[in-house]
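Trainee: Numbering (the numbering used here), first residue to last: 12 to 391. All C-beta atoms, glycine included, are put in the ideal place defined by N, C-alpha and C.
#1: Are residue 223 and residue 209 closer than 8 Å when you measure CB to CB?
#2: Does residue 14 come out as helix, strand or coil in the three-state DSSP assignment?
#3: Drop a sphere of 10 angstroms on the beta-carbon of residue 339, count the other beta-carbons inside from all chains shown, and report buried for 16 or more, exposed for fewer.
#4: Report back the beta-carbon spacing between residue 127 and residue 149 to the nearest angstrom; my notes put them in contact at under 8 Å.
#5: Would residue 140 and residue 154 be called neighbours here (beta carbons separated by less than 8 Å)?
#6: Please report the residue range of the beta strand (DSSP E) in which residue 349 lies.
#7: Mark residue 253 as exposed unless 16 or more other C-beta atoms lie within 10 angstroms of its C-beta, in which case mark it buried.
#8: Within the same chain, show all residues whose beta-carbon is closer than 7 Å to that of residue 174, passing over the 5 residues directly before and after it, in chain order.
#9: Indicate the three-state DSSP secondary structure (helix, strand or coil) for residue 310 in the structure shown.
#10: Tell me where the beta strand (DSSP E) around residue 76 begins and ends.
#11: Specify, as a first and last residue, the run of the alpha helix (DSSP H) that residue 227 falls within.
#12: May I ask you to report which of helix, strand or coil DSSP gives residue 148?
#13: Go ahead and label residue 259 buried or exposed: buried means 16 or more other beta carbons lie within 10 angstroms of its beta carbon, across all protein chains shown.
#14: Residue 257 and residue 233 - do their beta-carbons sit closer together than 8 Å?
#15: With distances taken Cα to Cα, identify the nearest neighbour of residue 17 among 85, 303, 34 and 94.
#16: Inspect the CB distances between the stretch 309-324 and the stretch 284-291 and report whether three or more fall short of 8 Å.
#17: Would you say the stretch 45-55 touches the stretch 348-364, given that touching needs at least three Cβ pairs under 8 Å?
#18: Indicate the three-state DSSP secondary structure (helix, strand or coil) for residue 282 in the structure shown.
#19: At which residue ranges does the stretch 149-221 contain complete alpha helix (DSSP H) runs of 4 or more residues, listed in the order of the chain?
#20: Rounded to whole angstroms, what's the CA-CA distance from residue 236 to residue 159? Just pull it up for me.
#21: How should residue 346 be labelled, buried or exposed, when 16 other C-beta atoms within 10 angstroms of its C-beta is the threshold for buried?
#22: How about residue 84 and residue 152: are their beta carbons less than 8 Å apart?
#23: How is the beta strand (DSSP E) around residue 46 delimited, first residue to last?
#24: When DSSP labels each residue in this structure, what does residue 302 get in the three-state scheme?
#25: Do you know offhand how far residue 385's Cα is from residue 29's?
#26: Tell whether a beta-carbon distance below 8 Å holds between residue 172 and residue 369.
#27: Please confirm whether residue 100 and residue 319 have their CB atoms less than 8 Å apart.
#28: So is residue 165 buried or exposed if we call it buried at 16+ other beta carbons inside 10 Å?
#29: Should residue 89 be counted as a contact of the ligand MG given a C-beta to heavy atom distance under 7 Å?
#30: With the cut-off set at 8 Å, would you say residue 106 and residue 119 are in Cβ contact?
#31: As a quick exercise: from 146, 315, 280 and 216, pick the residue whose alpha carbon is nearest that of residue 238.
#32: At what residue ranges does the stretch 81-146 contain a whole run of the beta strand (DSSP E), taking only runs of 3 or more?
#33: Cα-Cα, which of 343, 264 and 280 is closest to residue 249?
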C-alpha cells in the first residue's frame, strides 16, 4: 500500500483539495503508475460539480503520462519502467463492439478492480477510471499506452494531453469526420477541444479550415494551429460566413465543439449537401433541439457524435506522438501553464474564464513544492 498526495473532491461543488490517499499494489491485470503529468480537463470539472454522477468522493485527473512502477499477474502489455500515456478506453476485446471489429466503441472498457481510498478507508471514484492528479495511480494495464522512443522531460506535459481533450478534437476530425485531403472543415467553438480539431484538420490535409468563436483571442490561437479563416460569431452570422468561404455551398465537415442547441443548429445548417456534422462538445443533460426532418432528408450526409474522437489508443496515440516528433502536430502549443497539485482549483477558474488551453500538473513540481514546505516547517 502506498501513501501519496492527490487531488480529491469530497462533495458536489466542493473544493478540489490535496489529500493523502492510499494506493494498493497492482493485482491481476492492473498496473501501478508513477504519474509524471496530468492536464486539467473540462471533464474533471464536470465530476467536481456533479454533472457526471454522485459517486463522491472523486479522485480527479485523467489526461496523463507516467512511468509504470509495478504490474500485476498476467500483464504483458507493459512492464516496469515503461513510459506511458494513460487512456480511458482500455478495450475489452469481447463486447459486441469489439466482436464487430469496432474496438474504438468498446462498451465494456476495463478499469482497475481494486479501489484507491482515503486514509480512513473511504473508497475513491477515479475520474474516467484513472484518477491521475496523484503521485501514483492504479489502473487497468490496458489503460497504459507505451510511448516508444525518447522524449525530453518537458515534452511529457504535451504528450499527456492525447489522453483526452486533444485526442477528442483530433479524433473527431480524423476518425469520426473522416476528413480527406482537400476538403473544407469548419470548427465551431475554439477552446481546447475545438483548437485540437483545427490542428487535426490541418494534419488531415484540409485546405479550407474555418474557426468560429465569440472571442478574438481564441480565433487568433486557432489560426496559429492551422485555421485558414476565422469568424467572430458576435459580428457575423456563422452559417452565412461559412457558406461564403466555401463557394456558397457550406463545409464538407462541421465540428460542433460547444454542444449547445444554438451551435448544433449552426453546424447542421453550415454543412454542404451530403456534408458531415460531428458533435464533440458535451451537451448539458436535457439539452434538446427540434429537428426539421425534411432538412435531415434533403441535406443528406451524416450527423454523428464523437466519443473520445472514436479513438483506439493502441492505434492512434503512437501515430500522433510520431507526428509530434516530426513537427507536424504542435502539442506544445496546448500547454498554457505548468502547475503543481495544489494549483488545480484555481486552474479550473482559468479554464472556465477561457484564459488557458490547458493547465498541466507536473508531479515533479508538486513534489518539489511539498519538499520545500516541509523544509520550511522544519526550520520553524
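Mentor: Judging by the given coordinates:
#1: Contact: no.
#2: Residue 14 carries a strand assignment under DSSP once its states are collapsed to helix, strand and coil.
#3: Classified as exposed, residue 339 has fewer than 16 neighbouring CB atoms from the shown chains inside 10 Å of its CB.
#4: About 6 Å separates the beta carbons of residue 127 and residue 149, which is inside the 8 Å limit, making them a contact pair.
#5: Closer than 8 Å, so yes.
#6: Residue 349 -> beta strand (DSSP E) spans 348-350.
#7: Around the beta carbon of residue 253, a 10 Å sphere encloses 16 or more other beta carbons of the protein chains shown; the residue is thus reported as buried.
#8: Result list for residue 174: 73, 74, 75, 96, 97 and 98, in chain order.
#9: Three-state result, residue 310: helix.
#10: Residue 76 -> beta strand (DSSP E) spans 74-82.
#11: Counting along the chain, the unbroken alpha helix (DSSP H) around residue 227 starts and ends at 227-235.
#12: Three-state result, residue 148: strand.
#13: Classification of residue 259: exposed, given that the 10 Å Cβ count is below 16.
#14: Annotated as distal: residue 233 and residue 257, with beta-carbon spacing of 8 Å or more.
#15: It is 34 whose Cα lies nearest to the Cα of residue 17.
#16: The stretch 309-324, when compared against the stretch 284-291, does touch it at the 8 Å Cβ threshold.
#17: In this structure the stretch 45-55 touches the stretch 348-364; the number of beta carbon pairs closer than 8 Å is three or more.
#18: In the three-state reduction of the DSSP assignment, residue 282 falls in the strand class, which pools E and B.
#19: The stretch 149-221 contains these whole alpha helix (DSSP H) runs: 167-170, 176-182 and 203-215.
#20: Distance between the alpha carbons of residue 236 and residue 159: 25 Å.
#21: The residue is buried, with at least 16 neighbouring Cβ atoms inside 10 Å.
#22: Contact flag unset, no.
#23: Boundaries of the beta strand (DSSP E) harbouring residue 46: 41-50, taken from the DSSP string.
#24: Note: residue 302 maps to coil in three-state DSSP.
#25: In this prediction, residue 385 has a pLDDT of 47, which is less than 50 and means its spatial position is unreliable; what the coordinates show is noted afterwards. About 15 Å.
#26: Yes, the Cβ-Cβ distance between residue 172 and residue 369 is below 8 Å.
#27: Yes, these two residues count as a Cβ contact at 8 Å.
#28: Exposed is the call here.
#29: As presented, the structure is devoid of all ligands, the ligand MG included, so that no description of it is given.
#30: Contact flag set, yes.
#31: Among 146, 315, 280 and 216, the Cα nearest to that of residue 238 is on 216.
#32: Within the stretch 81-146, the complete beta strand (DSSP E) runs of at least 3 residues are 94-97.
#33: Comparing Cα positions, the closest option is 280.
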